Structure formats: C-alpha cells, structure tokens
Amino acid sequence: MKSCSAAAPCSTANLGPGYDVFGLALDAFEDKVKVSRVSSDGEGRISIKNSDQAIPSTPESNSAGLVAKKMMQDFGISYNIEIEVTKGVPTGYGVGSSAASAAAAAMAFNTLYDLKIDKNRLVEYAAEGEVASAGTKHYDNVSASLLGGFVVCRIASDRLQFTRLEPPKDLVLVIAVPWLEVPKKKTEVARSVLPKVVPLKDVVHNISGAATIVAGFALKDVETITKGIDDAIIEPARKHLIPGYDSVKQNAISAGALAVTISGAGPSMIAFLKTSKNAKTVAAAMVKGFKETGIESRTFVCRASKGARLLA
Ligand code: HSE
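Structural data, given as structure tokens:
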C-alpha cells in the first residue's frame, strides 16, 4: 500500500463538569487525512499539504504532523511521507478541529504501516497532535473523534483507558459557532485562565454532575444526561472569553434546550435536546443571544457520530 486515507469527525469535550474526561463525537463536520509514502532517503521527512492555509504546515506545529512524527519515531519508520489534510472542521472554535486531523492521521498511519496498534494506544498517539493547539496533550476530543459516541477518559499515571458508551438515539445537539476572532493556540489561552485551586463544594458539584452524565449515557436517557450538565469550575472561569455567553445560554433554555454549555474550550456553545422538533427554535435563540452582543454566529444541528473511518 502506498497511501491510506481516513476521515474523523468533530467533537465536543467536557460536557460541562467532565473537563478533559468526557468527549462526544458529532456528525456535523469531518476532516480527511491522506498519508502517503513518497520516497526513502532514510531521513523520515514529513511534508504537509493543508486545505486551510491558516493552519501551520510544519510537522512540529501541525496536529497531524505531530502524530505522524511520534509514530515514526516509536516504530523506527524512516520513509519520507506526505500528509494531505482536507479540513472540514472549523478551526479554533471548540469543536475538536485539531483532534479530528490528529485522529484521522493516527488511523491512516496505523493502517498504512500495518502497525496493529490497539485502540487505547492509538488514542494516545492521536493526543500527541493536541500539543499543536493546546500546548499539552488532552484526550477527550481525540478519543471521541477516533472511537465515536460518548467517551470517558480515565486519566491516571499508571494507565490511560478510554471507555466508549453508545449515545441514546434521541440525543440532538445544536452547536452555535460565533464569528469571533480567536487567538492562535486558543485552547492554550483558554486553559491558562483556569483556577489552580478549587473549593471542595465545587468539586463535589462537578463530580455529582459528571457521575449523572455517565449514568444517563449508561441508561440511554437524555434527561438524566442533561441534568448533569452544569459546571461550577471551568465555565465560570472561561465565560468572559465568550461575549454573549449568558444570553445564548438563557435563550436556548427558554427555547426548550435541556442543557447548554461551552463546547470544549469554546467559543462555540452547545445545546442538548431530546428531539429535533424544537432544534431550529433553539438554534435561532442562540443566534439571537450572540447577536445581542453584536456577534454573528452559525448554527448546526447534529447527532452523535460513529467516529473515525478508513476511506477507500
Ligand atoms: N478539555 C479541553 C479543554 C478541550 O477544555 O481545554 C479542548 O477542546
């Protein structure tokens, strides 16, 4: 095989109280990545072609490039490769754009070289790509992008573990993406505003919410899931980065959303619904919320995605 292509969907991370622990793959957008062997001079060079010129194409600053670099190092691969990234996921808005490229790159590379890496380990490789935008590895978006559905990340020093739960079929999401200018390495910026010390009562609140969300996914019960989506730690620290946050949230709830939270590190907001019946009304309410602060936004109604796939 000379080349291999994979596609991976966008995702939302955190779902309120599950900072760095929860990811949900969404079927709104996807990135495609083609990895090709081009020649062998024993140097293992990586060249990157990007459909979005705003994304850096040096392997050290590109999420797909970082994944390939680490896999080449670990498996002693010295063939020169070319990576072609076709972006479908908007970059820098909190819907797992860097993760989608990283997940697709990990899957394509694994298949191209027949490395037979198990799923947990492949998520770890994909997380290498997050360093490009977050300055650090986090696993929530990449695990969802790769494995699909709702994923719980067990982050422990001894072993990482990613557990996938199939979302209920009636779970509907509305994402509102505001047209804000976002800083380069936006996730790194959004992580830098978070508190280092947290009151115990807020920790209890978030553990209770996170446990309720997992129970809701296990029971396939949208109402239980959405009862847990309330974050006392991360959102209060980040909401000032999202003009219109309060109106968007309030408007969406008034229009019938069961829960609303920041999607990943933002600035997109995501609403959770039990039916697509009132999705358009919720979407319009979110657009109106952003507009009240003079910000235009786009909305997307979507459902959970099955995760990354190989392309023929
Ligand atoms: N858990 C990460 C964060 C997700 O909130 O910084 C980034 O998409």
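The number in my numbering is simply the position in the sequence shown, starting from 1, with 215 added.
Glycine included, C-beta positions come from ideal geometry on N, C-alpha and C.
Computed from a predicted structure; not experimentally measured.
Under the DSSP assignment, Arg379 falls in the beta strand (DSSP E) whose first and last residues are 376-380.
The closest heavy atom of the ligand HSE lies 8 angstroms or more from the beta carbon of Ile468. A direct Cα-Cα distance of roughly 13 angstroms separates Ser360 from Leu525. DSSP, reduced to helix, strand and coil, places Met286 within a helical segment of the structure shown.
The ligand HSE approaches Tyr234 closely enough that one of its heavy atoms is under 8 angstroms from the residue's Cβ.
Between Asn295 and Arg260 a beta carbon distance of about 4 angstroms is seen, short of the 8 angstroms cut, so the two are scored as contacting. Exposed is the label assigned to Leu434, since fewer than 16 other Cβ atoms lie within 10 Å of its Cβ. Looking at the DSSP output, Asn295 sits in a beta bridge with Ser254.
Of all alpha-carbon atoms in Ala426, Glu403, Leu386, Val408, the one lying nearest the alpha-carbon of Ser491 is that of Leu386.
By the neighbour-count definition (other C-beta atoms within 10 Å, threshold 16), Ala269 is an exposed residue. Distance from the CA of Ile468 to the CA of Ala498, rounded to the nearest whole angstrom, comes to 11 angstroms. Look at Glu511 here: in three-state DSSP terms it is coil, with no helix or strand label. Using a 10 angstroms sphere on the CB of His455, the tally of other CB atoms stays under 16, which defines it as exposed.
Here the distance from the Cβ of Asn335 to the nearest heavy atom of the ligand HSE is not below 8 angstroms. Take Glu403, set aside five residues on each side of it, and the residues of its chain with a beta-carbon closer than 6 angstroms to its own are Ala349, Gly350, in chain order. Burial state of Lys285 is buried, judged by a 10 Å Cβ sphere holding 16 or more other Cβ atoms. Taking a cut-off of 8 angstroms for Cβ pairs, the segment 462-479 and the segment 495-515 touch, as three or more such pairs fall below it. Residue side-chain check: Arg369 keeps its Cβ at 8 angstroms or more from all non-hydrogen atoms of the ligand HSE. Remark: C-beta atoms of Leu362 and Val250 do not approach each other more closely than 9 angstroms. Counting only the Cα atoms, Val367 lies some 11 angstroms from Leu375.
In this structure, the ligand HSE has no non-hydrogen atom nearer than 8 angstroms to the beta-carbon of Ile270. When the alpha-carbon of Gly257 is set against those of Ser226, Ile292, Cys225, Asp267, the nearest one is in Ile292.
If you look at Ser218, you'll find it in the beta strand (DSSP E) that goes 218-229. Your pair Ile477 and Glu450 checks out as a contact, with CB atoms roughly 6 angstroms apart and the cut at 8 angstroms.
The C-beta distance from Thr227 to Gly479 rounds to 6 angstroms, short enough to meet the 8 angstroms contact threshold.
Sorting Lys331, Asp329, Ala519, Ser358 by C-alpha distance to the C-alpha of Glu343 places Ser358 at the top. Looking only at Asn277, Cys225, Asp235, the smallest Cα-Cα distance to Leu409 is reached by Asp235.
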